[in-house]
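In what follows, a structure is listed as structure tokens, so that the remarks can point back to it.
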Amino acid sequence: MKNIFITGGSSGIGLRLTVDYLKENQQVFSSYYSNSKALDYLKKKNHNLHPTYLNLSDIDSTEIPNIQIDTIILTAGVIHNQLLIKENMQDFQKIIEQNLTANFQLCQKLIPLMKSSNNPHIVFISSHSGYIGNTGQISYSASKAGLIGLANSIAKEHAKDNIKVNTILPGFMKSKQTLAFSKDLQNKYADKNMLKRFNTLCEVSKFIQHICESQNISGQIFKLDSRI
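All residue numbers for the sequence shown refer to my numbering, where the first residue is 1 and numbers rise by one.
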């Protein structure tokens, strides 16, 4: 049995990963912030799940399990849309704090717990916006670009500990958010991909799980769509 630490576990990719790892009988520490309903429901059916409170603006309030951690998957984050000229410093700093600084702090706390693992992995969830930039997402793009640099630096620093660190750019996905878009807007986003489709949460989860079983993949950025 592996010990898996997942942030953003109450929805989206984090929840999908939580469900999939529980099906494999792994022990999962899955975080929530304002809504724990999904995790509470899963907890009733599976004692291997440990819902964990996480506030991205106050990492010191997070209960870190004092056990060996085999896999860390960092999906939690916030989206913020604003142009450079209209952005204010308070919002910029808040997005950097929640999307970048919080992950830095979590890694400081969790990596010492990984060194006894046979195959330790860390996966960061970044964004296409962080990879190439995006109009109207100045703070969000900067924070997600920072994650790529953070991940690659950790990969180099902790290769000696056999800790593999990779970054995932999941691309557009079928979710409650995207399915609420108008058909025209859905088609607009789908058309940005050569294959004219969205990813699914299941596809992204399976890819991440595959990476976390590998022995020789680290310091890589994986784009899970068909944009070039």
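Backbone N, C-alpha and C fix where the C-beta goes; we use that ideal spot for every residue, glycine too.
May I ask you to report which of helix, strand or coil DSSP gives F172? Coil.
Cross-strand partners of Q27 (DSSP beta bridge): Residue pairing by DSSP places Q27 opposite N3 in a beta bridge.
Taking C-beta to C-beta, are I4 and V28 nearer than 7 Å? In terms of Cβ geometry, I4 and V28 form a close pair [threshold 7 Å].
If the criterion is Cβ atoms closer than 7 Å, does the pair L17 and I69 meet it? No, the Cβ-Cβ distance between L17 and I69 is not below 7 Å.
Which stretch, first to last residue, makes up the alpha helix (DSSP H) that contains K223? For K223, there is no enclosing alpha helix (DSSP H); the residue is part of the beta strand (DSSP E) that begins and ends at I221 to K223.
To the nearest angstrom, how far is the alpha carbon of I79 from that of G9? Spanning the two alpha carbons is a distance of roughly 16 Å.
How is the alpha helix (DSSP H) around F124 delimited, first residue to last? Membership of F124 in any alpha helix (DSSP H) is not indicated; the residue belongs instead to the beta strand (DSSP E) covering H121 to I125.
Please report how far the alpha carbon of N134 lies from the alpha carbon of G149, in whole angstroms. For N134 and G149, the distance between alpha carbons rounds to 18 Å.
Report the rounded CA-to-CA distance for A142 versus L22, giving the unit in angstroms. C-alpha separation (whole angstroms): 34 Å.
Could you tell me which residues DSSP puts in a beta bridge with T71? Bridge partners of T71: I4 and H121.
Just mark M1 as buried or exposed, buried being the case when its beta carbon has 16 or more other beta carbons within 10 Å. M1 should be labelled exposed.
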